[in-house]
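Asker: Here's a structure for you.
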Amino acid sequence: MNVTDAVKDRLGTVVTKVVGAASGYGHPQSVTIARPREDVQRLWRDPHRLSRVFGDVASVSSEDGHRFEWRLGSHGNETDTWTTTLTEGPGTLRFTGTEAAGAALQLNFRDAPRGLGTEVTLSVLAPIADVLTDTAAFAVLYRARALLQTGEIPTLAGNPSARASSDE
C-alpha cells in the first residue's frame, strides 16, 4: 500500500465516522430537575417557555399543542423554520419533524431516586455532527432546569464586568 492509498483509506474512515455521527441520535444528555415530573413535562408542552429555554437559538409557537413551529435564529432574524408534531408515550415526549429529513427531539422522564425530582434525558436526531447537538442539548437542559427550579434563566446580559460586548 502506497502513501496515497493509506491517505484515502484514512480519509474514508474519517468520513464514515462523521457521516455516522450525523445520521443517528447523538449521545443522550441528562439532568436531574428538582421538580415533579408533571411540572417538567408541562414546560416542554408550553411554546412560550420553550422559547425562553431555547433563547437565541429558536422561538417556538403552537396553535393546538400538537404541531409546533420552531423559527431558528435570533432577535427576529429567523433563518429557517422547523415544523414538528408532538407525540406522547409513557414517560416520553417526542418532537418529530414533518419534513423528510426526519430530525427529532426526544425527551424521556423518570422519577429521580429518593424523591429528588425528575431525571430528564434529551436525545437529538439531526443531520449535523453529534458534537454540536450534544452541546446544544446540554445547554437546553441546563436552562430548562434553571427556569423550573428558580424561575429564571442565567444570563450575562447587564453584567457590569467592564468588558466590551462581543457585539461591539
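Sequence positions in the sequence shown follow the numbering used here and run 951 to 1118. Glycine included, each C-beta is placed from N, C-alpha and C at the ideal position. These numbers were taken from a predicted model, which means no experiment stands behind them.
Are the beta-carbon atoms of V1074 and L1057 separated by less than 8 angstroms?
Answerer: Along the sequence shown, read from residue 1 onward, the residue named residue 1074 stands at position 124. Along the sequence shown, read from residue 1 onward, the residue named residue 1057 stands at position 107. Not a contact, by the Cβ cut-off of 8 angstroms.
Asker: Taking all protein chains shown into account, decide if S973 is buried (16 or more other Cβ within 10 angstroms of its Cβ) or exposed.
Answerer: Here residue 973 corresponds to residue number 23 of the sequence shown, with the count starting at 1. With a pLDDT of 45 at S973, under the threshold of 50, the modelled position of this residue cannot be trusted; read the value that follows with caution. It is exposed - the Cβ of S973 has fewer than 16 other Cβ atoms within 10 Å.
Asker: Less than 8 angstroms between the beta carbons of A1087 and Q979, yes or no?
Answerer: As a working note, residue 1087 is residue 137 in the sequence shown. As a working note, residue 979 is residue 29 in the sequence shown. Cβ atoms of A1087 and Q979: closer than 8 angstroms.
Asker: What first and last residue would you give for the beta strand (DSSP E) that runs through V1074?
Answerer: Translated into the one-based positions of the sequence shown, residue 1074 becomes position 124. From DSSP, the beta strand (DSSP E) with V1074 extends over 1068 to 1075.
Asker: Which residue wins for smallest C-alpha separation from P1077, given the options A1051, E1102, T1100?
Answerer: In the sequence shown, counting from the first residue as 1, residue 1077 sits at position 127. P1077 has its Cα closest to that of A1051, out of A1051, E1102, T1100.
Asker: Under 6 angstroms Cβ to Cβ from K958, same chain only, skipping five residues before and after it: list those, please.
Answerer: To locate residue 958, count along the sequence shown from 1; it is residue 8. The predicted position of K958 is uncertain, since its pLDDT is 44 and thus under 50; no value can be drawn from it.
Asker: Could you tell me which uninterrupted alpha helix (DSSP H) segments, each at least 4 residues in length, are contained entirely in the region 1075 to 1107, listed from first to last along the chain?
Answerer: DSSP runs (the alpha helix (DSSP H)) wholly in the region 1075 to 1107: 1080 to 1100.
Asker: Quick check: what's the CA-CA separation for T1105 versus G1005?
Answerer: As a working mapping, residue 1105 is identified with position 155 in the sequence shown. As a working mapping, residue 1005 is identified with position 55 in the sequence shown. Taking the straight line joining both Cα atoms gives about 10 angstroms.
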